[in-house]
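Enquirer: Let me give you the structure first, and then I'll get to my questions.
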Amino acid sequence: MRCPAVVIIYHVGVAQCLLNYAPWILRTAPCVLGASAGSLVAAAMLHFAKQMKTFTLGPFNPSINVLHWLEFILHKHLPSNAHQLATGRLAVAVTRMTDRKPVIMSDFGSKEDVALLCSCFVPGYCGMMAPSYKGIYYVDGGFSNMQPGLPLPYRQILTVCPFSGEMDICPTDTFSMLDMVVAGATLKGSVANSIRFFNALYPMPLEKAYESGYKDAIDFLLNNGVPTVFTVNSLELKIL
């Protein structure tokens, strides 16, 4: 997950769909790039994004510090043993500033470690001074790898992205002028994707982002014959 609320809400829509119709996918996953606490953060981000509409320039207003706000929410909602629950199961992708190399961290020594690493830093959007961890400065993992992989023995990875491209769960664009490789991920060079990038930085109706993630996850389940706990009739009722 990254700071922009639309990105978070899209992932929440995907996660909610999987919990409703294919919960075994999340329950049996040995490692997850995210955590159940993400839903709490996303709920707070929803409120935060609505608040941003009252400020000139939205999140780019100089008086707004997205990073400090997100850290406060994480400290407030994460349990005291969050680092123990997350170690070995939660993987956080970050970008090391010294060499711009992607780094995946899954060993947390304290609750503060989890809060800091989960506060993905986007320069300019979250502030100007990047956070440091053990004396090393990191920024958002998306700058080096938008779709990070995991080391062995995690051979099968379910990829999710709010932008149309070559991911398992993502929006489907019927027309694309070209494919682009952005930070290790192949994305569609479409007008719709350009709009999504803009919406990822400035608040929009977040219900649409949630519905998009939910629908894209349903399409994935149906198109891949994944065993689920719903029927076609219940699916139609759910969408309506």
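Following full-length UniProt numbering, the numbering of the sequence shown begins with 1 at its first residue and continues without gaps. Cβ atoms here follow ideal geometry from the backbone N, Cα and C, with glycine treated the same way. Being a predicted model, the structure only gives us computed values, none of them experimental.
Would you mind reading off the limits of the beta strand (DSSP E) that contains alanine 93?
Expert: One-based indexing of the sequence shown puts residue 93 at position 93. Start and end: 92–96.
Enquirer: Which partner residues of tyrosine 137 appear in the DSSP bridge assignment?
Expert: Working through the sequence shown from its first residue, we reach residue 137 at position 137. The partner list for tyrosine 137 (beta bridge, DSSP) reads Ser132.
Enquirer: Assuming contact is defined by CB atoms lying nearer than 8 angstroms, are alanine 209 and valine 14 in contact in what I supplied?
Expert: Here residue 209 is taken as the residue at index 209 of the sequence shown, counted from 1. Here residue 14 is taken as the residue at index 14 of the sequence shown, counted from 1. Result no, Cβ atoms of alanine 209 and valine 14 do not sit closer than 8 angstroms.
Enquirer: Using 8 angstroms as the threshold, is the C-beta distance between tyrosine 133 and threonine 95 below it?
Expert: Along the sequence shown, read from residue 1 onward, the residue named residue 133 stands at position 133. Along the sequence shown, read from residue 1 onward, the residue named residue 95 stands at position 95. The answer is no: Cβ separation not under 8 angstroms.
Enquirer: State the Cα-Cα distance for the pair proline 23 and aspartate 107, rounded to the nearest angstrom.
Expert: Taking the sequence shown and counting its residues from 1, the one referred to as residue 23 is at position 23. Taking the sequence shown and counting its residues from 1, the one referred to as residue 107 is at position 107. Computed Cα separation, rounded: 26 angstroms.
Enquirer: Using only the alpha-carbon positions, how far apart do tyrosine 10 and phenylalanine 198 sit?
Expert: Counting from one through the sequence shown, the residue named residue 10 turns up at place 10. Counting from one through the sequence shown, the residue named residue 198 turns up at place 198. Rounded to whole angstroms, tyrosine 10 to phenylalanine 198 spans 15 angstroms at the Cα level.
Enquirer: Let me confirm a value: glycine 213 is counted as buried when at least 16 other C-beta atoms fall within 10 Å, else exposed. Which label applies?
Expert: By 1-based counting over the sequence shown, the position of residue 213 is 213. The residue is buried, with at least 16 neighbouring Cβ atoms inside 10 Å.
Enquirer: Which residues bound the beta strand (DSSP E) around proline 23?
Expert: Translated into the one-based positions of the sequence shown, residue 23 becomes position 23. Per DSSP, proline 23 belongs to no beta strand (DSSP E); it is in the alpha helix (DSSP H), 23–27.
Enquirer: Roughly how many angstroms lie between the CA atoms of glutamate 207 and aspartate 173, to the nearest whole one?
Expert: Reading the sequence shown from its first residue, position 207 is the one you call residue 207. Reading the sequence shown from its first residue, position 173 is the one you call residue 173. Whole-angstrom Cα-Cα distance: 20 angstroms.
Enquirer: Under 7 angstroms Cβ to Cβ from leucine 178, same chain only, skipping five residues before and after it: list those, please.
Expert: Here residue 178 is taken as the residue at index 178 of the sequence shown, counted from 1. Taken in chain order, the residues that qualify are Gly189.
Enquirer: Glycine 141 and alanine 93 - do their beta-carbons sit closer together than 8 angstroms?
Expert: Here residue 93 is taken as the residue at index 93 of the sequence shown, counted from 1. Here residue 141 is taken as the residue at index 141 of the sequence shown, counted from 1. Yes; because the gap between Cβ atoms is below 8 angstroms, this pair is in contact.
Enquirer: What whole-angstrom Cβ distance do glutamate 211 and threonine 186 have, given they're in contact under 8 angstroms?
Expert: Numbered from 1 along the sequence shown, position 211 holds the residue referred to as residue 211. Numbered from 1 along the sequence shown, position 186 holds the residue referred to as residue 186. Actually they do not touch by this definition, with Cβ atoms about 25 angstroms apart.
Enquirer: Can you grab the Cα-Cα spacing for the pair lysine 111 / histidine 77, in whole Å?
Expert: Translated into positions along the sequence shown, residue 111 becomes position 111. Translated into positions along the sequence shown, residue 77 becomes position 77. If you take the alpha carbons of lysine 111 and histidine 77, they lie about 11 angstroms apart.
Enquirer: Taking 8 angstroms as the threshold (C-beta atoms), are tyrosine 21 and leucine 158 in contact?
Expert: Your numbering for residue 158 matches position 158 in the sequence shown. Your numbering for residue 21 matches position 21 in the sequence shown. Result no, Cβ atoms of leucine 158 and tyrosine 21 do not sit closer than 8 angstroms.
Enquirer: In terms of residues, what are the limits of the alpha helix (DSSP H) holding isoleucine 218?
Expert: What you label residue 218 is simply residue 218 of the sequence shown in a count that begins at 1. 206–223 is the extent of the alpha helix (DSSP H) around isoleucine 218.
Enquirer: Spatial neighbours of proline 162 within its chain, please: CB distance less than 8 angstroms, with the 5 preceding and 5 following residues excluded, ordered by chain position.
Expert: The count along the sequence shown starts at 1 and reaches residue 162 at position 162. These residues qualify, in order along the chain: Val6, Val7, Tyr10, His11, Cys170, Pro171, Arg196, Ala200, Ala209, Ser212, Gly213.
Enquirer: Under 7 angstroms Cβ to Cβ from serine 80, same chain only, skipping five residues before and after it: list those, please.
Expert: As a working note, residue 80 is residue 80 in the sequence shown. The residues are Lys111.
Enquirer: By the 10 Å Cβ neighbour count, where 16 or more other Cβ atoms means buried, how is asparagine 193 classified, buried or exposed?
Expert: As a first step, residue 193 is located in the sequence shown; it is residue number 193 there, counting from the start. Looking at its Cβ environment, which holds 16 or more other Cβ atoms inside 10 Å, asparagine 193 is buried.
Enquirer: Please state if the CB of alanine 130 and the CB of methionine 97 are separated by a distance shorter than 8 angstroms.
Expert: To locate residue 97, count along the sequence shown from 1; it is residue 97. To locate residue 130, count along the sequence shown from 1; it is residue 130. A contact, by the Cβ cut-off of 8 angstroms.
Enquirer: Kindly list the residues whose CB is nearer than 8 angstroms to the CB of threonine 228, restricted to its own chain and excluding five residues on each side of it in sequence; keep chain order.
Expert: Residue mapping note: residue 228 aligns to position 228 of the sequence shown, counting from 1. Closer than 8 angstroms at the Cβ level, and outside the excluded window around threonine 228, lie Tyr21, Ala22, Leu221.
Enquirer: So is valine 160 buried or exposed if we call it buried at 16+ other beta carbons inside 10 Å?
Expert: Here residue 160 corresponds to residue number 160 of the sequence shown, with the count starting at 1. Buried.
Enquirer: Using DSSP with H/G/I as helix, E/B as strand and the rest coil, what is leucine 19?
Expert: By 1-based counting over the sequence shown, the position of residue 19 is 19. Leucine 19: helix per DSSP, three-state reduction.
Enquirer: In terms of residues, what are the limits of the alpha helix (DSSP H) holding glutamine 84?
Expert: If you number the sequence shown from 1, residue 84 lands on position 84. Unbroken alpha helix (DSSP H) run through glutamine 84: 82–86.
Enquirer: Grab me the residues of valine 103's own chain with a C-beta within less than 6 angstroms of its C-beta, minus the 5 sequence neighbours each way, in chain order.
Expert: Working through the sequence shown from its first residue, we reach residue 103 at position 103. Val94, Arg96, listed in sequence order.
Enquirer: According to DSSP, simplified to helix, strand and coil, what is valine 14?
Expert: By 1-based counting over the sequence shown, the position of residue 14 is 14. Looking at valine 14 - three-state DSSP - the assignment turns out to be helix.
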